[in-house]
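Chains as they are written, first to last, in my numbering: chain B, 1 to 262; chain Z, 263 to 541; chain V, 542 to 815.
Following: one structure in C-alpha cells, then a few remarks.
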Amino acid sequence: MTVDTLRARPLRNAARYWRPFTAFGTVLLLWLASVRFGWVDPHFVPSPAAVAARARTEFTTGTLAFDISESLRRNITGFAIGASAGLLLGLWLGFSSTAERIVGPSLLAFRQIALFAWVPLLSAWFGGADAGKIAFIAVAGFQPVVINTWQGVKGLPSAYRELADVLIFSRIDYVRFVALPGTLPAIFTGLHAGLIYAWLATLGSELFLNVTPGIGGRLNEGSQLFEMDLLFLGIIVLAVIGLLYNSSAVWMETRLLRRRTR
Amino acid sequence: MNEIYPSRNFQVDVAPTLEIRHLDKSFTVVGRELKVLAGVDLSVKSGEFVTIVGASGCGKSTLLRLILGLDLDYSGDILVDGAPVRRPGLDRSIVFQDHRLLPWLTVEGNVAAALRRSPLSRSAKQEAVREQIELVGLTQFTKAYPAQLSGGMAQRVAIARALVNRPRFLLLDEPLGALDALTRLRLQDELKRIVQHEETTALLVTHDVDEAVHLGHRIVVMQPHPGRIARIISIPEQARQDRSSREFIRLRDEVLGLLGVGTAVLQTPKQARLVEPSR
Amino acid sequence: MTLTASAPRPVEQRMTNLLPVLANVACTISLPLVLLLAWGLSSRFGWLPEQILPAPEVVWATIAELWRDGSLIEHTLVSLRRVAIGFSIGALSGLLAGAALGLLPVVRSFVWPVFTAVAQVNTLAWLPLLVLFVGIDEELKYVCIAWSTAVPVTLATTRSIADVSPNLVELGRVFDFTPMQRVSVIVVPAALPSLFTGVREGLAAAWQSLVIVELFASFDGLGYLITWGRQLFQLELVITAMLVIAAIGLSLNAVLEYLEHFVQPWKTEARHDR
C-alpha cells in the first residue's frame, strides 16, 4: 500500500460516512429553498421555521404531547395483546401438527383479508373509542407475529431434534433448551414486523375513528382546518416515532442474538 | 507372509457388551424398497475400539442410528448386555459429523446439556463438566460460544459432551470428516488418548481408511448396496502405534483392496477369492 | 445396483393416495365449519344482537341481492381497476428506480438513506396531506396505490441486484462479458427470485392501500361498501365486502404463486414472512 492510498483512504471513508447526512441536508435545503424562493405555494408547503414554531407552541401550551402519549398507550396495549396471542398461537401451530392442519388453513385465509378492512367491523363490535382502536391494533400486531413464530418453530433444523432424542430430553427440556432458543430469531423478526404494523394500525384507527385524542386526530384536524404546519409536524412526529421503534427493535435483535453468529 | 488374520473375538473370555445379529434394514423410497443393511453380524467387547469403514451408501450411519435406538424399524437383534435396544439412553452417546452444538449455549452449557437427565447431584454434574472440558483441553474456552470456536475445537466440545455421562458406548459418525486434514490428524490422536483414558467402548464410522486402521482394535469393512460386512480384521498393536510401520501399510492396503481402490485391487481369481464377503 | 422393487397394485395404490388427501380436506374445513355452526347457533339463540352479528342467512341474502342487481360486481370491478392501474404504475417505477439504485452504487449511497427513511412512513400517514394536494378523485387512489407498490418493489429490486453473489459477477469478468451481457446473463436471472418476491409484496401492499384509500376517501369500490355498511350499521354489507376482499386476496396470491413457477422454474418458492 503506497503512501498516497493511505492518505486518500480516510478522506474517502469520511465522504462515505457523510453521504447520508448530505442527502438529508439536501432535502432540508430544498425544503427551505422552495419556501424561500416561492417554488411552491406557501399555503401548501409551510416553511421549516413555521413547523418548528408550531412544534414549540404545541409542546408548551398545546396538547400534542398528550396526544402522542395517548397514541403510544394504545399502541403498546394493542401490540402487547396481539403479540402475546400471536406468540402463543404460533408456538402451538409450530409444535402440534394436528393444530396446524386444522387451524392453519383458516388462519392463512384470514390473513388474506386486507388489514384495514377490519376497522369498521371491529369498531362496530368494540365501539369507536379506545377499545375498538386497541382491538384493531391487536389484530395488526397479531398477524406477523403468529406467522413468523409458526414458521420459526417449523424451520428448526431436524438435526437439533435428533440431538434432543439422543440426549433423551424430556418435552419440557426440548422446548426450553432447543426449540425456544432456536426459534428466537424468527420470533424477533415477527415482533419487529408486528411493531411496525401495530404503529401503522394505531395511526389508521385514529384517522378513521376520530373520536378520542391522538396523533391521528391531530392529523385529521390539520387536514380539515387546512393547517399545513400542524400536518407536516404530525407527519414528522409519526416518522420519528416509527424510526425509533425500528431502530430499537433492530438494536434489541442484534444485542440478544449477537453471540450466535460469527 | 500374511500377519493379518480375520478374527471375530477380541478377548476370548469376556462376554460381548454389544451384539448385533442378522440385522436387516430397509427404507421405502418413492414406493420402492431400498435395502440399506443386509445380514449384519457384529459382536463388540467391552473397552474395544471398533472402526467401521466403507464407501457411501453402505449403511454405516444407519447402523449407528439403530444402535442408538433412534430407529426401531428393523429386523434382527441389537442387544446391549443381552437386552434389546428400545430407545435412546445415556449409556450410548454419539458425536455427529456436524458438531451440533447448540449455538445459544456456552461450551460449558453444551456439555452440561447432556446431563439434563442424569441422576447426579448438582455439584457432581458441575465437576463432571469441568473434568470433561479439561480432558479435551478446552478449559480456557469454558465460557465461549460455539460461534467463537474453530471446527476442531467445536468437535472436541462435542466429544466432551458425548463423554460427560460416562457412557458405555461412544458412537462416532465421521466425527472428523468436516475438519481440515491437519486438524484431523491431531484430533485422531486426541481421540485415541481420550477413549483410552475413559475406557469406553467406541464405534467409529469413517471413510478414511488410515484413520480406521490407526484408531481401532478391530476394523469392520463394509460394502454397499446392500450394506453388509465384507470382513472384520483385527488390528495388531504395531499398526495402531505407528503409521509408517509395515503392518499399518499392509493392513491399509488390504482394506483399500476390499473397498476396490488402489494398487491392492486384486486381479487374479485366486486373490479374488480372498475378497469374498465373509459371513 | 439392484433395487428390490415391488410393483404397486393399481387400486390399492390409488386408495392409499386418496386417503391422506381426504383427511387433509377434512381437517382444513373442520374449523370453518365449526365457526359457521357457532355463528348460526348464535343468531338462532340470540347470543349476540342482530346489529353486532347478523345471521348467516342475512349475509347470504345480501350477497345474493347485491349480485343480482349487479352492484357487487360493479364495486368489485372498480376496486380491481384501481389496483390494476396503481399497481402497474407503482411496479414499473419501482423496478426502474430499484434497477437504477441497484446498478449504480454512487446513486445508491446518496439516495438510499433518504428513501428508506421516507419509505418507513406508511402511505396512510401521507393520506391527509395527499388529499389536500390531489383531492379525492381517482388520482388520489392511483397515487396512493402506486406509491405503496413502488416502495417494496424498489427496496426489493435494489437489494436483489446489489445482493447478487460477487462470485457470479466475478465469473462474468472471467468470461470477459460486456456490461450488457453481465446484466442480462448473470445479474437479472440471479436477482429474479427476490425481485419476484418484491413484486408480490408490492401487490399485497397495493391491495392493502386500496382498501385504506377506499375506506377513507371514496364513493365506490369495496372499501366504500364497508364504510357505508358500517355507517348504516348494516354489518351484513361489511361482512359481504370483507368476504369478497378475502376471496380476491386469495386468488391474487394463488395466481402469483403459479406465475412464480413460470418465471423461475429453477428456484423453489422464496419464503414470504409478512
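Ideal Cβ positions, reconstructed from N, Cα and C, are used throughout, including at glycine.
Quantities reported herein were computed from a predicted structural model and do not represent experimental measurements.
- Query: If you count every other CB in all the chains shown that lies within 10 Å of the CB of Y799 of chain V, and 16 or more means buried, which is it?
  - Reply: Residue environment for Y799 of chain V: exposed (fewer than 16 other C-beta atoms within 10 angstroms of its C-beta).
- Item | E598 of chain V burial status per 10 Å Cβ neighbour count (16 or more: buried) | Under this definition E598 of chain V is an exposed residue.
- Query: Which term fits V240 of chain B, buried or exposed, when burial requires 16 or more other beta carbons within 10 angstroms of its beta carbon?
  - Reply: exposed
- Query: So is A129 of chain B in contact with chain V if we call contact Cβ pairs under 8 Å?
  - Reply: no
- Message: Would you say I677 of chain V lies against chain B (beta-carbon separation less than 8 Å)?
- Response: no
- Query: Under the rule that 16 or more other beta-carbon atoms within 10 Å means buried, what is G399 of chain Z, buried or exposed?
  - Reply: Burial call: exposed.
- Where P181 of chain B meets chain Z, residues with beta-carbon distance less than 9 Å: L364, P365, W366, L367
- Task: Please state if the CB of A186 of chain B and the CB of G152 of chain B are separated by a distance shorter than 8 Å.
- Result: yes
- Alpha-carbon to alpha-carbon, R490 of chain Z and G301 of chain Z: 7 Å
- Query: Quick one, which residues of the region 665-676 of chain V are near chain B if we go by CB-CB under 9 Å, in chain order?
  - Reply: L665, A666, W667, L668, P669, L670, V672, L673, F674
- Item | Near-chain V residues of the region 25-46 of chain B - C-beta to any C-beta below 7 Å | For the region 25-46 of chain B, which is checked against every Cβ of chain V, the residues closer than 7 Å are V27, F44.
- Going along chain Z in order, which residues have a C-beta closer than 7 Å to the C-beta of V178 of chain B? L364
- Message: So with CB distances below 7 Å, who are the chain V contacts of I102 of chain B?
- Response: C568, S571, L572
- Message: Run through the DSSP bridge pairs and tell me what Q66 of chain B is partnered with.
- Response: According to the sequence shown, residue 66 of chain B is Phe rather than Gln. Paired residues: none, contrary to the question.
- CA-CA distance, N264 of chain Z and R283 of chain Z? Confidence at N264 of chain Z is low in this model, with a pLDDT of 44, below 50, so its placement is unreliable and the value that follows should be read with caution. Going by the C-alpha atoms only, they are around 29 Å apart.
- Task: Evaluate E396 of chain Z with the Cβ neighbour count: other Cβ atoms within 10 Å of its Cβ, from every protein chain shown; 16 or more gives buried, anything less gives exposed.
- Result: Under this definition E396 of chain Z is an exposed residue.
- Item | Rounded C-alpha distance that separates P46 of chain B from D678 of chain V | 24 Å
- What residues of chain D sit near A159 of chain B, judged by a beta carbon separation below 8 Å? No chain D appears in the structure shown, which is made up of the protein chains B, Z and V.
- Message: Short of 9 Å Cβ to Cβ, which residues in the region 711-742 of chain V face chain B?
- Response: Residues of the region 711-742 of chain V whose Cβ lies closer than 9 Å to any Cβ of chain B: none.
- Message: Considering Cα atoms alone, identify which of V:T738, V:A745, V:S701, V:G764 is closest to V724 of chain V.
- Response: V:S701
- Message: Taking the beta carbon of D67 of chain B as the centre, do at least 16 other beta carbons fall within 10 Å, making it buried, or is it exposed?
- Response: Residue environment: D67 of chain B is assigned as buried (16 or more neighbouring CB atoms within 10 Å of its CB, all protein chains considered).
- Query: Hey, would you say T699 of chain V sits closer than 8 Å to G627 of chain V, going by beta carbons?
  - Reply: no
- Which same chain residues, not among the five before or five after L434 of chain Z, have their C-beta less than 6 Å away from its C-beta? V357, L466
- How is K405 of chain Z classed by DSSP in three states: helix, strand or coil? coil
- Item | Distance between I235 of chain B and G743 of chain V (C-alpha atoms, nearest Å) | 23 Å
- Query: Should G25 of chain B be labelled buried (16 or more other beta-carbon atoms within 10 Å of its own) or exposed?
  - Reply: Taking every protein chain shown into account, the CB of G25 of chain B has fewer than 16 other CB atoms within 10 angstroms, so this residue is exposed.
- Message: Tell me the residue span of the alpha helix (DSSP H) that contains G439 of chain Z.
- Response: Where G439 of chain Z is concerned, there is no enclosing alpha helix (DSSP H), given that its DSSP letter is neither H nor E.
- Message: In this structure, how does DSSP classify R428 of chain Z when only helix, strand and coil are distinguished?
- Response: coil
- Message: Rounded to whole angstroms, what is the Cα-Cα separation between T603 of chain V and W150 of chain B?
- Response: 36 Å
- So, does the CB of F169 of chain B fall closer than 8 Å to a CB anywhere in chain Z? yes
- Message: Do L411 of chain Z and V419 of chain Z have their beta-carbon atoms positioned less than 8 Å apart in this structure?
- Response: yes
- Message: Under 8 Å: do the region 171-184 of chain B and the region 153-162 of chain B share three or more Cβ pairs, one atom per stretch?
- Response: Yes, since at least three Cβ pairs between the region 171-184 of chain B and the region 153-162 of chain B fall closer than 8 Å, the two stretches touch.
- When the Cα atoms are used, what is the spatial distance from L520 of chain Z to E711 of chain V? 44 Å
- Query: With a Cβ-Cβ cutoff of 8 Å, do A99 of chain B and W92 of chain B count as a contact?
  - Reply: At the C-beta level, A99 of chain B and W92 of chain B come within 8 Å of one another.
- Task: Might you give, ordered along the chain, the residues of its own chain that have their beta carbon closer than 8 Å to the beta carbon of R348 of chain Z, omitting 5 neighbours on each side?
- Result: Here R348 of chain Z has G331, L334 as same chain residues with Cβ atoms under 8 Å from its own Cβ, once five neighbours each way along the sequence are excluded.
- From P488 of chain Z to E436 of chain Z, what does the alpha carbon distance come to, in whole angstroms? Looking at the two C-alpha atoms, the distance is approximately 20 Å.
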